[in-house]
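A.B. asks: Just passing along the structure, written as structure tokens.
2 protein chains.
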Amino acid sequence: MTTPEAVTPDPGPDVAELTVGVLGGTGPQGKGLAYRLARSGQRIVLGSRSAERAEAAAAELGLGVRGADNATAARESDLVIVAVPWDGHGPTLESLRAELAGKIVVDCVNPLGFDKQGAYALRPEEGSAAQQAAALLPDSRVTAAFHHLSAVLLQDPEVEQIDTDVMVLGDDRAATDTVRALADRIPGMRGIYAGRLRNAHQVESLVANLISVNRRYKAHAGLRITDV
Amino acid sequence: MTTPEAVTPDPGPDVAELTVGVLGGTGPQGKGLAYRLARSGQRIVLGSRSAERAEAAAAELGLGVRGADNATAARESDLVIVAVPWDGHGPTLESLRAELAGKIVVDCVNPLGFDKQGAYALRPEEGSAAQQAAALLPDSRVTAAFHHLSAVLLQDPEVEQIDTDVMVLGDDRAATDTVRALADRIPGMRGIYAGRLRNAHQVESLVANLISVNRRYKAHAGLRITDV
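One line per chain: the protein sequences are C and H, in this order.
The first sequence begins at 17 in the working numbering and counts up by one.
The second sequence begins at 17 in the working numbering and counts up by one.
Listed below in structure tokens is the structure:
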């Protein structure tokens, strides 16, 4: 058998002018993502339950990042990244249904439990955090992405490249294309389409394995997809 | 924050003299793995329900590979890779409990369903195929590995390197070290410890996402873990 030529992912839509909201933007993952996107020239509104805390985190990041309460951040953005803790994910999204209507929502939440043996996958009733978001936000275009990033590397200004692929999941092709293009803006990062939302659980849960890798190898592990 | 130095995985135990059995060795994944290991100098017994089919597949592979029925392959091997179809996984292992006692068992089975939208994860009652194996084989040292390999690439003699990391899971440190060392023998491949068996489900299921990647990008996708 021969290996077919790999298809180079197309650049996708132009996302440079999109305003990106980051809910839970004061946590390490949200703040790190906001920093990387802002550093790549994206217009960012960082959201938090407390507008004051969001404004403080935004001021810390600089790069034109604004801070607001979650509802304002959602309202003022074209595309909204959900980086809130799993504990609170459902109620937060439910309360923002109107603000998120018609928008691309990117869920990057990893439902995990922790005990003395480390991290393990939690199983949301809907199948995954992303499917829960889709169930709660019927008028939004829900995707899942940005699960496997090290918050430490994202936030470290001395790290120039984030050498990681971003698996992008969703049932709306144009929405996943937009999210892929957004990931592509961060140096070193590639957005790769990796299936429908029904296959989000294992992508979310794989963070438990990366935590094991990090412990064993003292690493900030990420993933690359080969042959793409 | 600074990035700690990555720890180079140690070479692990010497596995060159181990005889490796491959149950389900006439299927594409098992046959491909048997081929790669034999090509790296490993002594292989390829197992199948039918000794005749196993012998035919072994003869096709050459490289000193022998064929036998699954029970004989298990009995004559030091370490046994389970590459049987998910449908039949439980009964096959249950029937080989005596032959597999005391041995390292490497489960590489991916429980997947397929419909017109593609592949999706099945959820074994025990949590994962590997946990089912551990439940059925209390006297064996059950690990999970070799899930994300392209059978096409494994079987293609013109492919010199398999540029993929192998996530190795298990609760027995010495057993996972041995399996990692086995993966390391295949050029391009690295065995990386990636957690306990309770975190095997997402590793097994991720094959559904790689199938989506393959469809979209016409690739034979594999994974690399970065920063290790």
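Glycine residues also receive a C-beta, built at the ideal position from the N, C-alpha and C atoms.
Quick one: what's got a C-beta closer than 7 Å to C/T193's C-beta in the same chain, skipping five residues either side?
C.D. replies: The question names Thr, but residue 193 of chain C is Asp in the sequence shown. So the list reads G28 and P29, once near-sequence residues are dropped.
A.B. asks: On the CB-based measure, 16 or more other CB atoms within 10 Å of its CB, does H/D155 come out buried or exposed?
C.D. replies: exposed
A.B. asks: Quick check: C/G63 and C/L39, are their CB atoms within less than 7 Å of each other?
C.D. replies: Contact annotation: C/G63 and C/L39 have beta-carbon atoms nearer than 7 Å.
A.B. asks: Give a yes or no on whether the minimum CB-CB distance between H/I241 and chain C is below 7 Å.
C.D. replies: Output row for H/I241: interface = yes.
A.B. asks: Compute the Euclidean distance between the alpha carbons of C/A145 and H/R157, then round it to the nearest angstrom.
C.D. replies: 33 Å
A.B. asks: Nearest by alpha-carbon distance to C/D94: which of C/L109, C/I60 and C/A72 is it?
C.D. replies: C/I60
A.B. asks: Is H/F162 buried or exposed, if buried means 16 or more other CB atoms sit within 10 Å of its CB?
C.D. replies: buried
A.B. asks: In or out: C/S66 buried (at least 16 other Cβ within 10 Å) or exposed?
C.D. replies: exposed
A.B. asks: For C/V241, does the three-state DSSP call read helix, strand or coil?
C.D. replies: The identity of residue 241 of chain C in the sequence shown is Ile, whereas the question assumes Val. Here C/I241 sits in strand by DSSP.
A.B. asks: Closer than 8 Å by beta-carbon distance: list the chain H residues that pair up with C/L222, in chain order.
C.D. replies: Around C/L222, the beta-carbon contacts reaching into chain H at under 8 Å are Q218, V219 and L222.
A.B. asks: Should C/N126 be flagged as near chain H, meaning a C-beta pair shorter than 7 Å?
C.D. replies: no
A.B. asks: On the DSSP bridge assignment, give the partners of H/F130 in chain order.
C.D. replies: H/A135
A.B. asks: Got a sec: is the Cβ-Cβ distance from H/V229 to anything in chain C below 7 Å?
C.D. replies: yes
A.B. asks: Give a yes or no on whether the C-beta atoms belonging to C/R91 and H/Y136 are separated by under 7 Å.
C.D. replies: no
A.B. asks: Going along chain H in order, which residues have a C-beta closer than 7 Å to the C-beta of C/Q133?
C.D. replies: R212
A.B. asks: At the 7 Å Cβ level, is H/T194 part of the contact set with chain C, yes or no?
C.D. replies: no
A.B. asks: Take every Cβ of the segment 30-37 of chain H, pair it with every Cβ of the segment 197-217 of chain C, and state whether three or more of those distances are shorter than 8 Å.
C.D. replies: no
A.B. asks: Can we say the segment 114-122 of chain C touches the segment 73-85 of chain C, given the rule of at least three CB pairs closer than 8 Å?
C.D. replies: no
A.B. asks: Alpha carbon to alpha carbon, how far is H/L153 from C/D181?
C.D. replies: 37 Å
A.B. asks: Ignoring anything shorter than 3 residues, give me the beta strand (DSSP E) runs that lie fully in the segment 181-243 of chain C, in order along the chain.
C.D. replies: You should have 181-186, 206-209 and 238-242.
A.B. asks: Taking all protein chains shown into account, decide if C/G129 is buried (16 or more other Cβ within 10 angstroms of its Cβ) or exposed.
C.D. replies: C/G129 counts as exposed, since fewer than 16 other beta carbons sit within 10 angstroms of its beta carbon.
A.B. asks: Within this structure, are the beta carbons of H/G211 and H/L185 separated by less than 7 Å?
C.D. replies: yes
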